[in-house]
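Shown next, in structure tokens, is the structure this report addresses.
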Amino acid sequence: MRRLQSLYQITSDNSLSFKQKMNQLLMLGTKVFNLELAIISRIVDKDYIVQHVISPEDSLLEGALFPLHNTYCIHTLHANEATSFHHAGKSGIAEHPCYINFGLESYIGAKLVVNGEPYGTINFSSSEPRANKFTQDDLEFIELLAHWVANEIARNQQLKLLEQQQVHSAHQQELLNEMGKLAGVGAWEVDLATDTLYWSETTRLIHEVEDDYIPVLETAIDFYLAGENRERVSRHIETIMQQGGSFSDEFEIVTHTGKIKWVASQGKAEFENGQCIRLFGAFQDITEQVYYRQQLEERHRELAAAVEARGRFLANMSHEIRTPINGVIGSLQVMDKKGLNENQQHFLGLAQNSADSLLAQINDVLDFVKIDANQLELENTQFVINQLLQDCVAAFSVSIKSKPIKLVTDFRLTDKVNIIADPTRIRQIYANLISNAVKFTMQGKITISSSITPLSAHKARLTLVVTDDGIGMSDKQLSNLFQPFKQADSSTTRKFGGTGLGLSISESLVKLMDGDIRVQSAQNEGSTFTVEIEVTTTGTDKSIENITPSPTKHIDLSLLHVLVVEDNEINQLVISEMLKQKNITHDIAADGLEALAKLDSQQSENQHYSLILMDCQMPNMDGYQATGAIRKLPSESSQIPIIALTANAMKGDRELCIKSGMTDYLSKPIKQEDLYAKLEEFA
1 MRRLQSLYQI TSDNSLSFKQ KMNQLLMLGT KVFNLELAII SRIVDKDYIV
51 QHVISPEDSL LEGALFPLHN TYCIHTLHAN EATSFHHAGK SGIAEHPCYI
101 NFGLESYIGA KLVVNGEPYG TINFSSSEPR ANKFTQDDLE FIELLAHWVA
151 NEIARNQQLK LLEQQQVHSA HQQELLNEMG KLAGVGAWEV DLATDTLYWS
201 ETTRLIHEVE DDYIPVLETA IDFYLAGENR ERVSRHIETI MQQGGSFSDE
251 FEIVTHTGKI KWVASQGKAE FENGQCIRLF GAFQDITEQV YYRQQLEERH
301 RELAAAVEAR GRFLANMSHE IRTPINGVIG SLQVMDKKGL NENQQHFLGL
351 AQNSADSLLA QINDVLDFVK IDANQLELEN TQFVINQLLQ DCVAAFSVSI
401 KSKPIKLVTD FRLTDKVNII ADPTRIRQIY ANLISNAVKF TMQGKITISS
451 SITPLSAHKA RLTLVVTDDG IGMSDKQLSN LFQPFKQADS STTRKFGGTG
501 LGLSISESLV KLMDGDIRVQ SAQNEGSTFT VEIEVTTTGT DKSIENITPS
551 PTKHIDLSLL HVLVVEDNEI NQLVISEMLK QKNITHDIAA DGLEALAKLD
601 SQQSENQHYS LILMDCQMPN MDGYQATGAI RKLPSESSQI PIIALTANAM
651 KGDRELCIKS GMTDYLSKPI KQEDLYAKLE EFA
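FYI, full-length UniProt numbering numbers position 503 of the sequence shown as 503, with every residue one higher than the one before it.
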């Protein structure tokens with residue numbers, strides 16, 4: 001929707017010159033497609049001529065000429081429709097001269113047709129590959145962009161000819177008629193000295209009048225749709241007659257046969273001795289273009305509604321799934337394990353592992369949908385990279401022991417290196433690669449290493465490599481490796497399980513971090529995964545000591561008096577038991593209305609809650625509404641710290657909690673130690 005609005009704003013801006021419009025349309029394309037090079041070309045015989053261009057550091061200039069066969073645009077011309085490549089080096093055009101000579105990895109282009117004849121192309125490209133293929137929306141948008149650029153070129157050509165013609169009226173009429181036939185663009189002229197109006201043949205055709213129809217200056221404006229359209233064209237005419245200059249706009253007209261059409265009209269004033277003596281301009285039927293644009297806008301509105309509905313669905317599903325899981329995992333955490341025999345403890349451990357595995361699968365699905373809906377945001381946190389890597393490897397120590405596998409780590413090249421990045425997502429990527437190596441290696445060795453390469457004063461490339469002696473993959477299996485919900489083959493799914501989302505999510509996360517992930521593998525010869533991520537470096541461990549929180553002091557929490565606002569009965573029991581184990585007195589409210597009533601009761605008894613644990617989704621009055629109401633109370637209760645307990649997992653959920661007036665945020669399923677740590681912060 002925004003891209004179409006931007007396109008319309010540029011093409012309808014009367015203050016822009018033709019060249020400015022071309023440059024702004026190219027700038028729009030570079031932003032929409034996130035590509036650095038933009039070109040409008042003119043193709044003459046076998047020559048490709050750059051007419052308008054935006055390039056990094058102005059490395060490519062207007063007027064530059066290349067052999068057509070050395071450009072990707074030759075494919076666009078032959079296809080006669082928009083074409084694209086998102087990673088040329090891994091496609092069928094890897095041997096193309098454009099790739100060999102210029103190293104352009106990604107490209108999208110469309111053909112320009114002006115005056116009914118092939119003119120050239122509009123295309124966008126980059127030396128960097130795209131994480132994903134161009135979408136159908138992208139292809140449709142560049143087709144629309146090409147259509148508008150071609151129209152602007154046609155109008156510009158006609159206006160130039162109109163300005164140049166200052167000769168006999170017979171020649172003028174012949175010229176305008178021929179231009180109209182060629183370009184599908186009509187012309188009009190008003191001679192103010194004689195009060196006569198001239199329409200070219202194409203202008204007559206657009207208005208659907210008879211061949212002998214003579215336009216009259218006083219009634220010509222009646223063809224414009226009554227109301228805003230007629231008033232707007234009147235203002236344009238009055239302005240250029242008084243101030244000079246030109247106008248360019250789109251209008252709805254009613255033809256002689258009663259048909260409503262959209263037209264693009266341009267006009268210019270000619271002055272002599274300070275008086276306006278002539279108006280002239282171009283006229284084009286753009287009904288089909290506007291219809292196409294409206295269809296795209298409607299489609300984008302539908303897509304936006306679908307994305308919003310999907311977001312609501314995901315938020316609800318996240319809540320509905322995580323809430324019972326919180327009950328399961330929470331119950332397992334608070335269970336008294338002292339009186340259990342060895343067999344019972346074994347089965348309790350199995351239940352805990354199964355719950356953790358289920359949560360991991362659900363998180364994969366939620367992460368995938370969040371990435372697909374552009375709902376995932378990266379954090380920027382300072383941390384010691386080797387500490388993260390060692391913790392990540394340590395998590396697999398138990399699973400390694402069950403197999404004849406030797407785990408070798410080499411983190412010497414990242415020793416004492418601090419970086420600023422998203423540690424949670426780096427851990428997720430690394431854990432996924434190690435997990436796959438452990439899963440698919442029956443015996444042998446798994447080697448895990450890291451290195452860092454400076455790129456500038458504060459930028460570096462972090463490289464993580466995981467090599468295994470596992471079952472490996474064929475070329476066919478490699479081709480589907482990063483596709484969502486796909487594994488090497490059906491037997492892999494049956495034998496090893498999993499959603500098939502891990503590597504797809506990892507690749508998306510790496511791309512979000514301006515990185516790359518590669519794999520080398522052969523059947524029965526193991527696999528090597530290499531991840532490269534761009535990070536910010538900060539120096540040695542000393543700089544991180546100031547921001548590392550001091551160890552928890554295990555503050556006595558028994559003096560706290562907590563209000564738990566939670567509608568799910570199982571979660572009420574779980575949180576209640578967690579609080580009891582720290583001797584914390586507490587009350588339970590099933591929704592926001594009950595919470596307000598309990599606060600009022602405490603106030604009347606001159607007692608106060610130390611803190612409120614607030615669920616977000618509840619009947620009658622949810623957590624956001626309850627928090628807003630609490631903050632408006634005319635008593636000390638309005639200042640009570642409120643910690644959100646939410647099972648939602650969407651981008652912006654934390655911000656929404658804080659915006660509503662909550663003090664902090666804990667996501668479900670809640671870990672017992674995280675809850676205690678949060679309570680200690682506010683104790």
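Idealized CB from N, CA, C, for every residue including glycine. None of the values given here were measured: they were computed from a predicted structure.
- No residue range can be given for Leu225, since it is assigned to no alpha helix (DSSP H) and is classified by DSSP as neither H nor E.
- Under the DSSP assignment, Phe396 falls outside any beta strand (DSSP E); it carries neither an H nor an E label.
- Separation of the CB atoms of Ser125 and Leu35 is rounded to 6 angstroms, and the pair is thereby assigned contact status at 8 angstroms.
- DSSP places Ala269 inside the beta strand (DSSP E), whose first and last residues are 260 to 272.
- Fewer than three pairs of CB atoms, one per stretch, sit closer than 8 angstroms, so the stretch 597 to 610 makes no contact with the stretch 566 to 574.
- Contact check for Val565 against Ala626 passes: the beta carbons are separated by less than 8 angstroms.
- Counting of Cβ neighbours within 10 angstroms places Ala305 among the exposed residues, the total staying below 16.
- Contact between Gly444 and Ser521 does not hold, since the beta-carbon distance rounds to 14 angstroms and is not under 8 angstroms.
- Counting only the Cα atoms, His608 lies some 45 angstroms from Glu342.
- Rounded to whole angstroms, the separation of the alpha carbons of Tyr198 and Leu205 is 13 angstroms.
- The Cβ atoms of Leu350 and Ile329 lie no closer than 8 angstroms to each other.
- DSSP places Ile452 inside the beta strand (DSSP E), whose first and last residues are 444 to 454.
- Counting the other CB atoms within 10 Å of its CB gives Ala226 a total below 16, which places it among the exposed residues.
- Boundaries of the beta strand (DSSP E) harbouring Leu666: 664 to 667, taken from the DSSP string.
- Per DSSP, reduced to three states, the secondary structure at Lys21 is helical.
- In terms of CA proximity to Asp415, Gln387 leads the group Gln387, Leu145, Phe271.
- Shown here, Asp191 sits in a strand according to DSSP, grouped into three states.
- For the stretch 92 to 161, the continuous alpha helix (DSSP H) assignments of 4+ residues that do not extend past its boundaries occur at 97 to 102, in sequence order.
- Residue pairing by DSSP places Leu611 opposite Val562 in a beta bridge.
- Phe440 sits buried, since 16 or more C-beta atoms from the chains shown fall within 10 Å of its C-beta.
- By the Cβ test, the stretch 21 to 30 is in contact with the stretch 139 to 152, since at least three Cβ pairs between them sit closer than 8 angstroms.
- Proximity to Glu272 across Met241, Asp138, Arg230 peaks at Met241, based on C-alpha coordinates.
- In this chain, Phe411 is not harboured by any alpha helix (DSSP H), its DSSP state being neither H nor E.
- For Phe85, the uninterrupted beta strand (DSSP E) segment begins and ends at 83 to 85.
- In the same chain as Ile142, and ignoring 5 residues on each side of it, the C-beta atoms closer than 6 angstroms to its own belong to Ala82, Ile108, Ala110, in chain order.
- Rounded to the nearest angstrom, the gap between the Cα atoms of Asp422 and Thr121 is 41 angstroms.
- The three-state reading of DSSP puts Pro619 in coil, since its state is none of H, G, I, E or B.
- Look at Tyr8 here: in three-state DSSP terms it is helix.
- For Ser59, the three-state secondary structure derived from DSSP is coil.
- Annotation: the continuous alpha helix (DSSP H) that includes Pro423 extends over 423 to 440.
- By alpha-carbon distance to Gly244, the top candidate from Ala394, Ile253, Val32, Lys268 is Lys268.
- Here DSSP, grouped into helix, strand and coil, assigns Thr239 to helix.
- By alpha-carbon distance to Leu413, the top candidate from Ile452, Ala64, Thr537 is Ile452.
- The stretch 44 to 53 makes no contact with the stretch 129 to 147; the number of CB pairs closer than 8 angstroms stays below 3.
- For the pair of segments examined, the stretch 128 to 136 was found not to touch the stretch 92 to 100: the number of CB pairs separated by less than 8 angstroms stays below three.
- About 10 angstroms separates the CB atoms of Leu4 and Arg301; that is not less than 8 angstroms, and the two are not in contact.
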